[in-house]
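Residue numbers (UniProt numbering): 1 to 376.
Structure, rendered in structure tokens:
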């Protein structure tokens, strides 16, 4: 016990001294570690201005959810080390450098989900990790490649986390698709799904929802790895995330919303009954479960559940100048499930309403030039 404590204390002293010198290469603790400047080009990773809440890593920092998480972490006093595939791609990362506090408190480093060890340096420099990143999947990828990428991408990050003896907690961004997808015969009327619920892999495979299969298997693999390696893991399970894009580059979610406001109905017809949550609430949820010492397990993050007809009726009335249909084909029959969000509400999170999240989303799409009144 004494030798372990002495070794850890020595590592900390060496690490602090190395950082003061502008080096990130203490033996067996950090290898080459470099960051990206706002104008592009690598610079040595150095200690930034002290922040009150320490340094945390956000994987996939340029993504929809991750960008909002970075924004709120910076505003809360954290130093954020974000990982991206290419820190020099200004089209993808410029919006992060424009965030308040980014100049003083943000670093971006290269990391690849599918490259084992790629996250070692980033994770070793931090005391908390928010794993939001997902591997890029193309239509050319086989089912096996997609599932392997999702599972190994998550495990690669956790393997890096295992190497940091000072890591406090890992917050994993999972999905409500890990909870709600089962044969309808398994759902009693008006069931409220909670964190103990799991989607059926067999059911998802039978209807070829490979995204959900990947999320289920990745999260279950994460829980198994965390248990075996004594990692403090908490998972956030957002429903369909709606709200303003910080980046001018639209991801799949914002593209689906844009399509609906242009009169394209296929996606939301297929979605059927869905939960919806504001992007800012999702970011707040991540920070809340990270900061709450006794937070544990899974947390469903959801504001409201609507079927597609309820949603388009609300939106058509609220946004009459857009070609939103007043109804959609009902291809699933009656669905009455909801979500029990009492677990996260007990920690103090309050959710914005559906109207506000779509108001904010529309204003963002207008600001980025994707949408204008009355234009299909």
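Using N, Cα and C, we set each Cβ at its ideal position, and we do this for glycine too.
Secondary structure of residue i, DSSP reduced to three states
i, result
"residue 241", "strand"
"residue 182", "coil"
"residue 217", "helix"
"residue 368", "coil"
"residue 339", "strand"
"residue 390", "Absent from the model: residue 390. The displayed extent of the chain is 1 to 376, so no value can be given."
"residue 235", "strand"
"residue 192", "strand"
"residue 258", "helix"
"residue 270", "helix"
"residue 145", "helix"
Status (buried if at least 16 other CB within 10 Å, exposed otherwise) for residue i
i, result
"residue 52", "exposed"
"residue 144", "exposed"
"residue 367", "exposed"
"residue 281", "buried"
"residue 118", "buried"
"residue 196", "exposed"
"residue 317", "exposed"
"residue 101", "buried"
"residue 169", "buried"
"residue 212", "buried"
"residue 351", "buried"
"residue 294", "exposed"
"residue 29", "For residue 29, the pLDDT reaches just 32, beneath the cut-off of 50, and the residue's location in the model is therefore unreliable, although a value from the coordinates is still provided. The residue in question, residue 29, is buried, as its Cβ has 16 or more Cβ neighbours within 10 Å."
Residues bridged to residue i (per DSSP)
i, result
"residue 169", "128"
Whole-Å CB distance - residue i paired with residue j, under 8 angstroms assumed
i, j, result
"residue 245", "residue 364", "5 angstroms"
"residue 272", "residue 208", "No, residue 272 and residue 208 are not in contact; Cβ-Cβ is about 16 angstroms, not under 8 angstroms."
"residue 218", "residue 150", "5 angstroms"
"residue 158", "residue 214", "That belief does not hold up - the Cβ atoms of residue 158 and residue 214 are roughly 16 angstroms apart, past 8 angstroms."
"residue 172", "residue 131", "5 angstroms"
"residue 382", "residue 251", "Here the chain has residues from 1 to 376 only, and residue 382 is not among them."
"residue 341", "residue 302", "5 angstroms"
"residue 323", "residue 267", "At roughly 15 angstroms, the Cβ-Cβ gap does not stay under 8 angstroms, so residue 323 and residue 267 are not in contact."
"residue 199", "residue 238", "Contact doesn't hold; Cβ gap of about 15 angstroms is too wide."
Write down every uninterrupted run of the alpha helix (DSSP H) in the segment 49–131 whose length is 4 residues or greater and which is fully enclosed by it, in chain order. Entirely contained in the segment 49–131, the alpha helix (DSSP H) runs reaching 4 residues are, in chain order, 64–75, 90–97, 102–105, 120–124.
Would you list, in sequence order, the uninterrupted beta strand (DSSP E) runs of no fewer than 3 residues that lie entirely inside the segment 286–326? Secondary structure within the segment 286–326: the beta strand (DSSP E) runs of 3 or more consecutive residues, fully enclosed, are 297–301, 304–306 (chain order).
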